[in-house]
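Notes follow the structure.
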Amino acid sequence: MQAIEIDETAKTLRPCEMAEPEYGERDVLIDVVAAGINRADVMQRQGLYPNPHGGPNVPGLEVSGRIAAVGRAVHQWKVGDEVCALLSGGGYAEKVAVDAGHVLPVPAGVPLEDAAALPEVMCTVYSNVFMTANLRPGEWLLVHGGGSGIGTAAIQVARAFNAHVAVTAGSQEKLDAVRPLGVELAINYRTDDFVERMRDRTGDGADVILDVVGAKYLARNVEALAPSGRLVVIGLLGGRKAELDLNKLMGKRAAVIGTTLRARPDQEKASIVAEVTAEVWPLIESGRVAPTIHARLPLDEAARGQQMLEDSTSVGKVLLTLGS
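Going by the UniProt record's numbering, the sequence shown opens with residue 1, and the numbers climb by one from there.
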């Protein structure tokens with residue numbers, strides 16, 4: 001099959017041919033129609049985020065397509081089903097094998113190709129913002145990187161659950177692009193202090209912060225938290241290490257939580273997939289939440305797609321397409 005692999009020496013992407021993946025008794029084999037590009041893919045190419053389960057060095061954490069084969073212990077899916085799936089890697093390829101518990105149906109009304117924009121971002125958003133941080137109706141969510149795939153998904157899901165949403169982004173164009181998704185407070189981090197803007201708008205600050213920056217924002221994120229606030233760190237674009245004022249954290253009775261999705265045990269990921277299917281898929285099928293897609297590129301332009309994320313020129317998801 002055709003795939004895109006990482007040249008670990010040059011830290012670049014290159015087309016290649018490799019054997020089709022083997023699938024186990026609890027797996028399904030998917031003919032890939034499209035794959036989503038995520039920031040984690042860029043980090044994997046840079047040598048900063050290796051596949052925790054080993055295997056071919058092919059990036060890609062989410063795909064959509066049709067089931068080509070099922071393992072003998074799989075009963076919930078059949079050959080020909082149109083699905084999307086959460087992966088640990090391997091999505092930039094014509095076929096992927098994946099645990100059947102990590103597979104989701106394509107939501108009604110969503111084109112099969114576009115469904116590749118959903119699994120990783122929706123599972124990340126729902127598991128962190130709702131299952132971990134317990135965002136409640138009426139609370140304020142602050143999303144850093146509001147124009148990203150994660151950001152555009154978080155805005156819509158939070159609004160659908162009747163929370164208020166603030167975002168940061170680095171350009172007025174990105175802020176203008178995400179406002180229609182339900183943003184109530186749009187902050188340009190290059191010109192405005194998000195701590196002051198949050199306090200001015202809410203009085204206390206954010207109840208939940210979803211952060212992809214890490215060390216660079218740690219102190220200001222704690223400042224921006226409301227009493228009993230929850231900071232969830234899911235990315236390290238601004239570094240790994242920072243000083244934390246524990247007295248300030250304790251005074252607010254706040255929590256700092258660090259999580260990843262990719263390295264979780266299979267059963268944990270299956271539980272997240274099940275909750276997302278039950279809680280988020282109806283919102284998509286009703287039209288209240290929709291994938292935000294910036295570009296669709298052929299598989300052999302994967303490097304160009306990753307560059308869009310590195311240059312921060314995209315709003316929403318960049319997809320790689322492999323045809324019908």
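Cβ atoms here follow ideal geometry from the backbone N, Cα and C, with glycine treated the same way. Computed from a predicted structure; not experimentally measured.
Looking only at its chain, what residues have a beta carbon closer than 6 Å to the beta carbon of residue i, apart from the 5 residues adjacent to it on each side?
| i | result |
| --- | --- |
| S64 | V33, A34, C84, L112, A115 and A116 |
| W281 | P107 |
| V195 | R220, E223 and A224 |
| H144 | T168, D211, V212 and V213 |
| D7 | R14 |
| I187 | T168, F194 and R197 |
| I209 | L142, N221 and L231 |
| A133 | V208, R230 and V232 |
| N57 | E5 and I6 |
| residue 335 | Outside the modelled stretch of the chain, which goes from 1 to 324, sits residue 335, for which no answer is possible. |
Would you decide whether residue i is buried or exposed? Buried here means 16 or more other CB atoms lie within 10 Å of its CB.
| i | result |
| --- | --- |
| R39 | buried |
| E62 | buried |
| D99 | buried |
| Q44 | buried |
| R136 | exposed |
| H75 | exposed |
| N128 | buried |
| L218 | buried |
| L86 | buried |
| N51 | buried |
| K78 | exposed |
| K248 | exposed |
| S228 | exposed |
| L319 | buried |
| L299 | buried |
| L309 | buried |
| R190 | exposed |
| P59 | buried |
| K95 | buried |
| P180 | exposed |
| E17 | exposed |
| L246 | exposed |
| L48 | exposed |
| D266 | exposed |
| G239 | exposed |
What span of residues does the beta strand (DSSP E) with residue i cover, start to end?
| i | result |
| --- | --- |
| Q2 | Q2 to D7 |
| I284 | First-last for I284: W281 to E285, but that is the alpha helix (DSSP H), not the beta strand (DSSP E). |
| P298 | I293 to P298 |
| residue 391 | For residue 391 there is no data in the structure shown, the boundaries of the chain being 1 and 324. |
Per DSSP, residue i is paired with what?
| i | result |
| --- | --- |
| L13 | I6 |
| G65 | V32 and V83 |
| L231 | I209 and V256 |
| P105 | V83 |
| K317 | I293 |
| V70 | V28 |
| A97 | L29 |
Where do the ends of the alpha helix (DSSP H) carrying residue i lie?
| i | result |
| --- | --- |
| L218 | L218 to A224 |
| residue 328 | What the structure shows of the chain is the stretch from 1 to 324, and residue 328 is not part of that stretch, so it cannot be assessed. |
| R304 | A302 to D311 |
| P50 | No alpha helix (DSSP H) contains P50, which DSSP labels as neither H nor E. |
| T124 | P119 to V125 |
| L249 | L246 to G251 |
Which residues in the same chain as residue i place their Cβ atom closer than 7 Å to its Cβ, once the five residues preceding and following it in sequence are excluded?
| i | result |
| --- | --- |
| M198 | L142, A166, G205, A206 and A224 |
| Y23 | L29, A69, G71 and A97 |
| G203 | none |
| E285 | P107, A108 and G109 |
| K241 | A215 |
| A177 | G147 and V315 |
| R159 | V165 and G182 |
| A73 | E25 and R26 |
| V273 | L86, G101, H102, L104 and C123 |
| E120 | G36, N38, L61, E62 and L86 |
| S88 | N51, P52, H53 and R262 |
| S312 | G170 |
Among the residues of its own chain, which have a CB less than 8 Å from the CB of residue i, if the five just before and after it don't count?
| i | result |
| --- | --- |
| L244 | L218, A219, V222 and V256 |
| V289 | A153, Q156, V157, A160, V280 and L283 |
| H294 | M308, S314, V315, G316, K317 and V318 |
| G287 | G109 |
Practice prompt. Just list the beta strand (DSSP E) runs in the stretch 155-217, keeping only unbroken ones of 3 residues or longer that don't cross its boundaries, in chain order.
Written response: Taking only runs of at least 3 residues, the beta strand (DSSP E) segments lying wholly in the stretch 155-217 are 164-169, 185-188 and 206-211.
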